[in-house]
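S.K.: Dropping the structure in here first, questions after.
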Amino acid sequence: MGNGESICTQAPGGSPHEFLPAQCSCTAPPLLLLAPGGSRCALKGVNNVGSGRHNDFILEDPTVALTHAVVDDCAITDLSAGRTWVNGEQFSGSLTLSSGDTVQFGDVKCSVQGLEMQSPPLEE
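Quick look at the structure:
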């Protein structure tokens with residue numbers, strides 16, 4: 001993929017969801033959201049998170065709302081009426097995510113990691 005595209009993938013066997021991200025507004029390096037079972041999503045642009053099939057990042061759990069939250073680069077907005085926690089703290093509205101944070105959507109705990117840029121191999 002190129003031209004600033006990003007991808008969210010479901011757990012092994014799931015189909016990827018491609019999307020074109022919005023203009024990056026976060027100055028931190030891109031983040032990766034990791035869920036139990038191997039699901040992951042590069043948080044670049046706008047990502048809808050929830051249990052419904054229309055989301056960019058799907059968490060199949062009865063405690064996760066159809067559209068649970070929106071993550072725009074590194075800012076998360078709770079849409080679930082208070083069923084989202086960051087680092088064990090329930091919040092309302094929006095807040096900024098950082099590498100090392102834990103985000104809980106209903107009963108599903110996900111971790112946030114920084115995407116490491118790989119250097120090209122050194123030429124000999």
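Following the working numbering, the numbering of the sequence shown begins with 1 at its first residue and continues without gaps.
Think of the CB as a built atom: it goes at the ideal place given N, C-alpha and C, for glycine as much as any other residue.
Quick caveat: nothing in here was measured; it's all calculated off a predicted structure.
Let me check understanding here. Comparing Cα to Cα, which of V112, T96 and F105 lies closest to T67?
M.R.: That would be F105, whose Cα lies nearest to the Cα of T67.
S.K.: According to the neighbour-count rule (16 or more other Cβ atoms, all chains shown, within 10 Å of its Cβ), is G88 buried or exposed?
M.R.: Classification for G88: exposed.
S.K.: Could you work out which residue in L115, V108 and G114 is closest to V64 when comparing CA atoms only?
M.R.: V64 has its Cα closest to that of V108, out of L115, V108 and G114.
S.K.: Tell me whether G50 sits in a helix, a strand or coil according to DSSP, three-state version.
M.R.: Reduced to three states, the DSSP call for G50 is strand.
S.K.: For the beta strand (DSSP E) that contains F91, what are its first and last residues?
M.R.: Segment: none, F91 is in no beta strand (DSSP E) and carries neither H nor E.
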